[in-house]
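Colleague: Structure below; questions to follow.
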Amino acid sequence: MRVFVVGATGAIGTRLVPQLIKHGHQVIGTYRSPGNAGRVRALGAEPVAMDLLDPRAVRVAILEAEPEAIVHQATALAGVRFGRSLDRSFGPTNRLRTEGTDALLAAAREAGTRRFVAQSFASYRYAREGGPVKTEDDPLDPDPPAMARETNAAMRHLDQAVTNAGGIALRYGGFYGAAGDGLVQPVRKRQFPVIGQGGGISSFVHLDDAAAATVLALDRDGPSLYNIVDDEPAPMSQWLPALAAALGARPPRRVPLWLARLIAGQGMVMMADGSRGASNAKAKRELGWTLSYPSWRQGFPAAYAQARP
Ligand SMILES: NC(=O)c1ccc[n+]([C@@H]2O[C@H](COP(=O)([O-])OP(=O)(O)OC[C@H]3O[C@@H](n4cnc5c(N)ncnc54)[C@H](OP(=O)(O)O)[C@@H]3O)[C@@H](O)[C@H]2O)c1
């Protein structure tokens, strides 16, 4: 198929493009930062400069490329500082997930593009009630922390707009598998503590496994939602010390809930204390997805062996 990958130069895009080509697809890859055309070409794709927040440019790029499938992997998270407000940090990404998705879907309709797959997120989104691990049929959190409301609404918009159009939204777990992963420096510097009992559940996925699931999703008709996460949703009290060990760092500090609420805010406390994980059963069953790293227990040491001091 002719596959149009939006965000070919990102953390997932750079893993996805070579896997698509290996699978026999012809890839057109977009970038936004000037100078990134060479990176796209080196991945084996035909580069196209495109700002996803410019609907006219999106329309022209899609109509010219005439793709049979579009994969939306654009976010604006490189170099972002994460403070108390997730909505502030995610503001530009939220626009890519709302306005950007809408622009791509409109262009896809006009171009007659058959398949549409887009990046969504699984961790910290499911309702904080009942069991620790949630399927795609379980309800989303109806009352996310105030500092993450717009971010949650943007992901909800993407899920709904994509599936309403017959596409597939992939709710990925927390990505890891690159030296520059967001948690590496804070964990190494012991700036990322276990909060309270650290009972909140996170779901992770290695970037190579996330890319493999995306390739498989392109072979299926939508509409559908899939959690693309590993086999072992786990509490912070388990995965965070394991991540520190994999990085050769000292064990994480421990901070009581009240202090974390004061310093880091309610959103961080929710992730550490109340969040639920996600089940990958549907993705394995329907996509035939098998993971190279079924758990972060093997994945963290494999990913960071080179990064140890
Ligand atoms: N599920 C998760 O845990 C998750 C999801 C996403 C990202 N992250 C993490 O966030 C960090 C940064 O992510 P990243 O390396 O993928 O970088 P990023 O800055 O989020 O960029 C991702 C892609 O989107 C493109 N892009 C950005 N703004 C755009 C726009 N206005 N129009 C069109 N395309 C646009 C970028 O193009 P250019 O490169 O040309 O600017 C790039 O190809 C990584 O550590 C990553 O693992 C985690």
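Each residue of the sequence shown is one higher than the last, beginning at 2 in my numbering. C-beta: ideal position from N, C-alpha, C; glycine also.
Hey, how far is the Cα of M271 from the Cα of G199?
Modeller: Their backbone Cα atoms lie some 10 Å apart in a straight line.
Colleague: Roughly how many angstroms lie between the CA atoms of A235 and A112, to the nearest whole one?
Modeller: Approximately 42 Å, taken between the alpha carbons.
Colleague: What are the partner residues of Q120, as DSSP defines its beta bridges?
Modeller: Looking at the DSSP assignment, Q120 forms a beta bridge with L171.
Colleague: Is the CB-CB distance between A123 and Y173 below 9 Å?
Modeller: Yes, Cβ-Cβ distance for A123 and Y173 is below 9 Å.
Colleague: List, from N- to C-terminal side, the beta strand (DSSP E) runs of 3 residues or more that fit wholly inside the segment 44-127.
Modeller: Within the segment 44-127, the complete beta strand (DSSP E) runs of at least 3 residues are 47-50, 70-73, 116-122.
Colleague: Are the segment 27-39 and the segment 50-69 touching, with three or more C-beta to C-beta distances below 8 Å?
Modeller: They touch, by the three-pair rule.
Colleague: With DSSP as the reference, label R286 as helix, strand or coil.
Modeller: Here R286 sits in helix by DSSP.
Colleague: Have a look at T164 and R251 and give me their C-alpha separation to the nearest angstrom.
Modeller: Their Cα atoms are separated by approximately 44 Å.
Colleague: Is it a yes or a no for the segment 285-301 touching the segment 195-211, going by three-plus beta-carbon pairs under 8 Å?
Modeller: Yes, they touch.
Colleague: In chain order, which continuous runs of the alpha helix (DSSP H) of length 4 or greater are located wholly inside the segment 131-204?
Modeller: Those alpha helix (DSSP H) runs which fall completely within the segment 131-204 and span 4+ residues are 150-165, 185-189.
Colleague: Would the beta-carbon of P93 be found less than 8 Å away from any heavy atom of ligand 1?
Modeller: Checking the Cβ of P93 against ligand 1 gives yes.
Colleague: Among L248, L226, P145, which residue has its Cα nearest to the Cα of G268?
Modeller: Comparing Cα-Cα distances from G268 to each of L248, L226, P145, the minimum goes to P145.
Colleague: Within the same chain, show all residues whose beta-carbon is closer than 8 Å to that of F193, passing over the 5 residues directly before and after it, in chain order.
Modeller: Excluding positions up to five away in sequence, the list reads L184, P187, L241, P253.
Colleague: Over the uninterrupted beta strand (DSSP E) stretch that includes L226, give me the two end residues.
Modeller: Run containing L226: 225-229, per the beta strand (DSSP E) assignment.
Colleague: Within 10 Å of its beta-carbon, does L17 have 16 or more other beta-carbons around it, so buried, or fewer, so exposed?
Modeller: L17 should be labelled buried.
Colleague: By how many angstroms is the C-alpha of F301 removed from the C-alpha of A119?
Modeller: The straight-line gap from Cα to Cα measures roughly 26 Å.
Colleague: Give me whichever residues DSSP pairs with P236 in a beta bridge.
Modeller: For P236, which the question treats as bridged, DSSP gives the partners I202.
Colleague: Using DSSP with H/G/I as helix, E/B as strand and the rest coil, what is G30?
Modeller: G30 falls in the strand class under three-state DSSP.
Colleague: Apart from the five residues on each side of it in sequence, which residues of its chain come closer than 7 Å, Cβ to Cβ, to D274?
Modeller: If we look at D274 and ignore the five residues flanking it on each side, its Cβ neighbours are I196, G197, G200, G201, L258.
Colleague: For A279, which beta-bridge partners are listed by DSSP?
Modeller: DSSP output for A279 lists K135 as bridge partner(s).
Colleague: Alpha carbon to alpha carbon, how far is L105 from R255?
Modeller: If you take the alpha carbons of L105 and R255, they lie about 44 Å apart.
Colleague: What residue does the alpha helix (DSSP H) around R311 start on, and which one ends it?
Modeller: Absent from the structure is residue 311, since the part of the chain shown begins at 2 and ends at 310.
Colleague: When the Cα atoms are used, what is the spatial distance from S276 to H158?
Modeller: If you take the alpha carbons of S276 and H158, they lie about 21 Å apart.
Colleague: Please report how far the alpha carbon of G11 lies from the alpha carbon of A179, in whole angstroms.
Modeller: Straight-line Cα distance between these residues: approximately 11 Å.
Colleague: Say whether the segment 259-266 touches the segment 216-227, bearing in mind that this needs 3 or more beta-carbon pairs closer than 8 Å, one atom from each stretch.
Modeller: Not touching, per the Cβ criterion.
Colleague: Under three-state DSSP, which class holds R251?
Modeller: Looking at R251 - three-state DSSP - the assignment turns out to be coil, as it is neither helix nor strand.
Colleague: Is L54 close to ligand 1? I mean its beta-carbon at under 8 Å from any heavy atom of the ligand.
Modeller: For ligand 1, at least one heavy atom lies less than 8 Å from the Cβ of L54.
Colleague: Do you know offhand how far T114's Cα is from A245's?
Modeller: About 44 Å.
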